[in-house]
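Peer 1: Residue 2 is where the sequence shown starts when you use the numbering used here, and the numbers rise one by one after that.
The beta-carbon is built from N, C-alpha and C at its ideal position, and this holds for glycine as well.
As the structure is a computational prediction, the values presented were derived from the model and not from experiment.
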Amino acid sequence: MLILPLHKPFTLATLPLVTLLLVVANALVYFGWQLGDARRLEAAQAWYLQSGLGGYEVPAYEKYLRQAARRDALAAFEALPEARRAGFVGMSTLSDVAFVTAMEEGRLLESAQRHAAWQALRRPYQARLDEVFTLRHVMRSSEWSPARMLSSAFLHGGFMHLLGNMLFLVVLGLLLEGALGGWRFLGVYLLGAFGASLASLWWRWGESGSGLGASGAVAALMGAFCVVWGRRPVRFFYWFAVVFDYVRAPAIWLLPLWLGWEVYNLLANTDAGIGFDAHAGGLVCGAALGGLLVATGQVREDYMADDARAGAIVDGRWEQALQHMGRLQNGAAERLLGELAGEQPQRLDVAVARYRVACNAGRPADMQARALDVLRLDAGADAASQAVQHQIAKTWLAGAMPLNAEAGRLLFERCLAAGWLREAEAALERDTPRPGGEPAQAWLRLALRHGELHAREQQRRLLALLERRYPQAPQAAKARFLLEND
Numbered sequence: 002m003l004i005l006p007l008h009k010p011f012t013l014a015t016l017p018l019v020t021l022l023l024v025v026a027n028a029l030v031y032f033g034w035q036l037g038d039a040r041r042l043e044a045a046q047a048w049y050l051q052s053g054l055g056g057y058e059v060p061a062y063e064k065y066l067r068q069a070a071r072r073d074a075l076a077a078f079e080a081l082p083e084a085r086r087a088g089f090v091g092m093s094t095l096s097d098v099a100f101v102t103a104m105e106e107g108r109l110l111e112s113a114q115r116h117a118a119w120q121a122l123r124r125p126y127q128a129r130l131d132e133v134f135t136l137r138h139v140m141r142s143s144e145w146s147p148a149r150m151l152s153s154a155f156l157h158g159g160f161m162h163l164l165g166n167m168l169f170l171v172v173l174g175l176l177l178e179g180a181l182g183g184w185r186f187l188g189v190y191l192l193g194a195f196g197a198s199l200a201s202l203w204w205r206w207g208e209s210g211s212g213l214g215a216s217g218a219v220a221a222l223m224g225a226f227c228v229v230w231g232r233r234p235v236r237f238f239y240w241f242a243v244v245f246d247y248v249r250a251p252a253i254w255l256l257p258l259w260l261g262w263e264v265y266n267l268l269a270n271t272d273a274g275i276g277f278d279a280h281a282g283g284l285v286c287g288a289a290l291g292g293l294l295v296a297t298g299q300v301r302e303d304y305m306a307d308d309a310r311a312g313a314i315v316d317g318r319w320e321q322a323l324q325h326m327g328r329l330q331n332g333a334a335e336r337l338l339g340e341l342a343g344e345q346p347q348r349l350d351v352a353v354a355r356y357r358v359a360c361n362a363g364r365p366a367d368m369q370a371r372a373l374d375v376l377r378l379d380a381g382a383d384a385a386s387q388a389v390q391h392q393i394a395k396t397w398l399a400g401a402m403p404l405n406a407e408a409g410r411l412l413f414e415r416c417l418a419a420g421w422l423r424e425a426e427a428a429l430e431r432d433t434p435r436p437g438g439e440p441a442q443a444w445l446r447l448a449l450r451h452g453e454l455h456a457r458e459q460q461r462r463l464l465a466l467l468e469r470r471y472p473q474a475p476q477a478a479k480a481r482f483l484l485e486n487d
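#1: Could you name each continuous alpha helix (DSSP H) segment of 4 residues or more that falls completely within the segment 27-65, going from the start of the chain to the end?
#2: Count the other CB atoms, across all protein chains shown, that sit within 10 Å of the CB of L66; report buried if there are 16 or more and exposed otherwise.
#3: Mind checking who M140 pairs with in its DSSP beta bridge?
#4: Examine the Cβ distances between the segment 192-200 and the segment 211-224 and report whether three or more of them are shorter than 8 Å.
#5: If I'm right that L222 touches G287 with Cβ under 8 Å, what's the distance once you round it to whole angstroms?
#6: By alpha-carbon positions, which one of K479, Q476, Y471 and L422 ends up nearest to L454?
#7: Which first and last residues belong to the beta strand (DSSP E) in which P234 is found?
#8: Determine which residues share a DSSP beta bridge with I393 and list them.
#9: Quick check on the DSSP output: the alpha helix (DSSP H) that includes L411 runs from which residue to which?
#10: Mark Y265 as exposed unless 16 or more other C-beta atoms lie within 10 angstroms of its C-beta, in which case mark it buried.
#11: Quick one: Cα of W203 to Cα of A74, how far?
#12: Could you pull out every residue in the same chain whose Cβ sits closer than 6 Å to the Cβ of R86, ignoring the five residues on either side in sequence?
#13: Within the segment 311-347, note down every full alpha helix (DSSP H) run reaching 4 residues or more, in order along the chain.
#14: Are L329 and R355 touching if we call contact CB-CB under 7 Å?
#15: Would you kindly check if the distance between the Cβ of L284 and the Cβ of L260 is under 7 Å?
#16: State the Cα-Cα distance for the pair R415 and R377, rounded to the nearest angstrom.
#17: Within this structure, are the beta carbons of G193 and G276 separated by less than 7 Å?
#18: Taking buried to mean at least 16 other C-beta atoms within 10 Å of its own C-beta, is Q473 buried or exposed?
#19: At the 7 Å Cβ level, is E63 part of the contact set with chain D, yes or no?
#20: Which value, in whole angstroms, describes the spacing of the CA atoms of P17 and R357?
#21: Rounded to the nearest angstrom, how far is the Cβ of A448 from that of L429, given a contact under 8 Å?
#22: Which residues in the same chain as S152 place their Cβ atom closer than 6 Å to its Cβ, once the five residues preceding and following it in sequence are excluded?
#23: Identify every residue that forms a DSSP beta bridge with A250.
#24: Contact defined as beta carbons within less than 8 Å: I believe A45 pairs with L130. What is the distance between those atoms, to the nearest angstrom?
#25: Have a look at W48 and G207 and give me their C-alpha separation to the nearest angstrom.
#26: So for P6, helix, strand or coil by DSSP?
This is the structure:
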């Protein structure tokens, strides 16, 4: 299965600088230091077989597997012919820290003489292994090494491994770096790499293998992308068996698909030799980091909003809808705007345009529905969008549209949050079920909001009104307390 978001073109305006620097760093490590590792490792293994070191380590390794109760590895070892066991041990113990430690401490050899003889052969062999850059920096299972847990994210097992990871890195960088900023993006990458390694260690503790590759860090970017872009529709390419196509869907929908695929493979394809554990851990870690950044307001909403508008302009529907509106072709305009609203539900400009189409058509029920859509959306710091919402609130309260319970509740909440307290009070005065539960609670909230805005006289007026109208309500007691202690 392949799911690849392809939502943003690669241009100078969208150039993800930190992403490209990470690609360069990964490529530099591979081509600058790792490229000769296969030859160096092959030479070290040839020396291992010729030196007779296997004569000491093969029986010791069998003993070690029995003591550690590693039945699968022991079965694989015993299934090999005698002549191939030395090569098997030489490769299997490259990252087996526990075995090498036990050998160095003399716990697996019968005598001090054999231990000394093993040491004499092991030293030159270890010197050859130390020349292999990958072995010096790879993350080894069952070893707590923060440095290796991070450095392994810049290592790759081959050119195709590097190419695949860098492809996903660039695609995600186009979407995520602009939404977070360079430093935050880099932080997600590095912390995600560490989190993926931590998940892999937790899953594989007790094994003798190792892990490398940027895929854990890239998976963290995937998780962060899903949460940061959230419900915004993005265009992505999918390929499953012989089925492939482009589709547009909310980014958050990709998180369970990606995570489910990794967990399925982790449990079903245990012999694949792929770090599904690191991928799943990276996704979860990245999603958590993305959620933290969103919750603390450290994402660039304008970057993603501009992208949504650009996407609409590219396919022409937004401009066509505006042209239909200018010609009072309300049905054609609503059809196009309805499509855009379904694909990009957070676009306030589309919601406002639909409201205006309903007004032009003179349909009160549609006007009310579209007005609710506008008020549900967050205008953020955009003064023009806030002004549109404010005007809709004033029009509604002037009696241009019926005000039912849902509308009154939403109108009150939006006015209260935006600081339009005159309109919030007018909404409370209308003969509708009071927002926020009991009417006394709504009046108390409004009074306290005046206090937050340092309008003390208005706060006292509303507290006194609350005490007169609802003398038996618990909020009246609080109002009296506030008035007496003001």
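Peer 2: Put simply:
#1: The alpha helix (DSSP H) runs lying completely inside the segment 27-65 and spanning 4 residues or more are 38-52, given in chain order.
#2: By the 10 Å Cβ count, L66 comes out buried.
#3: Beta-bridge partners of M140 (DSSP): G212.
#4: Judged by Cβ distances under 8 Å, the segment 192-200 makes contact with the segment 211-224, as three or more pairs qualify.
#5: Right, the Cβ-Cβ distance comes to about 6 Å (below 8 Å), so this counts as a contact.
#6: Check the Cα spacing between L454 and each of K479, Q476, Y471 and L422: the tightest is with L422.
#7: From DSSP, the beta strand (DSSP E) with P234 extends over P234 to F241.
#8: DSSP output for I393 lists no bridge partner at all.
#9: Taken as a continuous stretch (DSSP letters only), the alpha helix (DSSP H) holding L411 covers A406 to A419.
#10: Y265 comes out exposed.
#11: Going by the C-alpha atoms only, they are around 19 Å apart.
#12: Hits under 6 Å: V59.
#13: Counting whole runs of 4 or more residues, the segment 311-347 contains the alpha helix (DSSP H) stretches 318-327 and 331-344.
#14: By the CB criterion at 7 Å, L329 and R355 fall outside the cutoff.
#15: Yes, the Cβ-Cβ distance between L260 and L284 is below 7 Å.
#16: If I take the Cα positions, the gap works out to 8 Å.
#17: Cβ atoms of G193 and G276: not closer than 7 Å.
#18: Around the CB of Q473, fewer than 16 other CB atoms lie within 10 Å, so the residue is classed as exposed.
#19: You won't find chain D in this structure, because it holds only one protein chain.
#20: Using only the alpha carbons, I get a separation of about 38 Å.
#21: Taking 8 Å as the upper bound for CB-CB distance, A448 and L429 are not in contact here, some 11 Å apart.
#22: Answer for S152: H138, listed in chain order.
#23: The beta-bridge partner set that DSSP reports for A250 consists of V235.
#24: The pair is a contact, with the Cβ atoms about 5 Å apart (cut-off 8 Å).
#25: Those two C-alpha atoms are separated by around 28 Å.
#26: The three-state secondary structure of P6, taken from DSSP, is strand.
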